[in-house]
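First up is the structure itself, then whatever we jot down about it.
Residue numbers (the UniProt record's numbering): 1 to 282.
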């Protein structure tokens, strides 16, 4: 659930370049979404899918709301975990000397392995056996409409798994901003391509899909960038959480339950309950 903002000529362009929407089918997550709706953090987006929800005014709005009263350190890489006298210590760039009672690893499975392996072989084995699929994403903005009328998402057409006029989503400003997700197979085949090459290839694919639109020749962006999600679509280890109560180490994430926002939330919430129970909290 990511959003990128770019300032071009005093205009702020906005792209939801990660998850495009989410659903809420489990009653526990549906209740959480109800709270976000009441607070104005999410809204329906039926054009994306009948039961789709999106963040308001951007996809990351629910995350920002949840983190509002938390101390969050960004751009910090945790490289190793050590345990001494019943407390955990984190090691990596920009990490302080704080000791912790418990540690939760909530990163993609491929990145979790090196953190878990020295501490819990069973947890590491779950992560080792779960593989993600990549996704190249292109964000592009235009100074005029590229189609004469509103168009829904373009799905599963050649190299494109999903392309949408992102600015057409509920509550967005009226800019001509598009997000293009490549298919997992195309992304894997072009995983190490230069970003400029990816931009050119996926914009060409978009142009072909819009070739019958009156303004198709407008597929010449005023801004374009590519982002590589190396671990975009998780696998599934078929468990909801991993928790070693004896040492206070856990893991959660969509890679345990399935590649959906809802699965990530449920995994984290379930692990949170397990931690509270182990600490004797209600």
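Note that CB positions come from ideal geometry on N, CA and C, so glycine has one too.
Asked: Burial state of residue 199, where buried means 16 or more other Cβ atoms lie within 10 Å; Found: buried
Asked: Cβ distance (whole Å) where residue 132 is taken to contact residue 110 below 8 Å; Found: 6 Å
Asked: 6 Å CB neighbourhood of residue 117 in its chain, flanking five on each side removed; Found: 124
Asked: Member of 141, 47, 83, 242 whose CA lies at the smallest distance from the CA of residue 180; Found: 141
Asked: Residue range of the alpha helix (DSSP H) that includes residue 61; Found: 61-66
Asked: Residue 194 to residue 201 span [Cα, whole Å]; Found: 11 Å
Asked: Distance between residue 277 and residue 65 (C-alpha atoms, nearest Å); Found: 25 Å
Asked: DSSP state of residue 262 mapped onto helix, strand, coil; Found: helix
Asked: Below-7 Å beta-carbon distance, residue 168 vs any chain C residue; Found: Among the protein chains of the structure shown there is no chain C, as only one such chain exists.
Asked: Chain-order list of residues whose beta-carbon lies under 7 Å from that of residue 17 (same chain, five-residue window excluded); Found: 2, 4, 137, 139, 179, 227
Asked: Rounded straight-line distance, which links the Cα of residue 40 to that of residue 94; Found: 35 Å
Asked: Inside the segment 120-199 only - alpha helix (DSSP H) runs reaching at least 4 residues; Found: 121-128, 184-189
Asked: Straight-line gap, residue 275 to residue 11 (C-alpha atoms, nearest Å); Found: 45 Å
Asked: First and last residue of the uninterrupted alpha helix (DSSP H) at residue 254; Found: 254-257
Asked: For residue 272, three-class secondary structure by DSSP; Found: helix
Asked: Cβ-Cβ distance between residue 134 and residue 189 below 7 Å; Found: no
Asked: Distance between residue 205 and residue 263 (C-alpha atoms, nearest Å); Found: 31 Å
Asked: For residue 100: DSSP bridge partner residues; Found: 88
Asked: Alpha carbon of residue 105 to alpha carbon of residue 156, nearest angstrom; Found: 33 Å
Asked: Inter-residue spacing [alpha-carbon to alpha-carbon] between residue 79 and residue 99; Found: 16 Å
Asked: Residue 251 - containing beta strand (DSSP E), residue span; Found: 249-251
Asked: Nearest candidate by alpha-carbon position, reference residue 165, set 158, 184, 144, 159; Found: 144
Asked: Rounded separation between residue 85 and residue 154 - CA only; Found: 55 Å
Asked: Residue 25 versus residue 259: straight-line alpha-carbon distance, rounded; Found: 14 Å
Asked: Supposed close pair residue 36, residue 170 - CB separation, criterion 8 Å; Found: Incorrect: roughly 14 Å between the Cβ atoms, too far for contact.
Asked: Local Cβ density within 10 Å of residue 175, reported as buried at 16 or more and exposed below that; Found: buried
Asked: Same chain only: Cβ atoms within 7 Å of residue 76, ignoring 5 sequence neighbours per side; Found: 92, 93, 94, 95
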